[in-house]
Amino acid sequence: MGKSWKWLLGTWWDGLYDYLNGVEPVNGTAGLLRVRPTNYHGRALQLQCGLTLHPGDKIAELHIASARLLVYREGRQERVAGTMAMVRALETALGFLARAALEKPTLQGVKAFYGVTLLWPAAARFGFEVREIPAPLRRWGISLYERNLECWYNSRPGRGPRRIEAREVWISSLELQLRFGRKQAL
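All residue numbers for the sequence shown refer to UniProt numbering, where the first residue is 1 and numbers rise by one.
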């Protein structure tokens, strides 16, 4: 059985985005989780764990491959089964991210990891701090983009909550190690 055209197009789009923006794969995640080392540019930000980020601090932006998530939904009659498989895959991927944070030279010195996602309820369960996107216009644009992605990849559009907005999710490098460092694949 071949891959769907949505999967192929989504994989191509993710690859192009990664190439143009310096996004790197996290080894062991089969392309599900990708990361872009960068510097923090906002105002001083204190995370709940006590870490304060200042402009210029090294952080890493997390990216989830939407096309890869589609694999966990395809072929499952029950939406819950697909969602649970997706959550398990993300949890495993975070274990590989914890390992990469220690071993990958480009991630050395990263103080925190962050992403913008509609999947923030799951991220909160994994220990990420959830924050509203500060700029209203940016929040609206990102939410529109993320909802369009969700409709694109959803095999049953029109079902489930539609009004969810994208949020920022943050986790310090230390918190990542404490929560997922033990879950690294051997």
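C-beta: ideal position from N, C-alpha, C; glycine also.
- DSSP places residue 130 in the strand class (E or B) of the three-state scheme.
- Distance check between residue 34 and each of 94, 83, 51 places 94 closest, using alpha-carbon atoms only.
- Cα atoms of residue 13 and residue 20: separation of roughly 11 angstroms, rounded to the nearest angstrom.
- By the Cβ criterion, the stretch 83-94 is not in contact with the stretch 130-148, since fewer than three pairs of Cβ atoms, one from each stretch, lie closer than 8 angstroms.
- The Cβ atoms of residue 114 and residue 64 lie no closer than 8 angstroms to each other.
- A check of alpha carbon separations from residue 173 across 62, 133, 121, 5 identifies 62 as the nearest.
- Assignment of residue 35 by DSSP, reduced to helix, strand and coil, places it in the strand class.
- In terms of CA proximity to residue 122, 83 leads the group 112, 102, 83.
- Closest in C-alpha terms to residue 170, from the list 27, 24, 119, comes 119.
- In the structure shown, residue 117 falls within a strand segment according to DSSP collapsed to helix, strand and coil.
- In this structure, the straight-line span from the alpha carbon of residue 117 to that of residue 166 is close to 5 angstroms.
- The C-beta distance from residue 23 to residue 36 rounds to 4 angstroms, short enough to fall under 8 angstroms.
- When secondary structure is reduced to three states using DSSP, residue 25 falls in the strand class.
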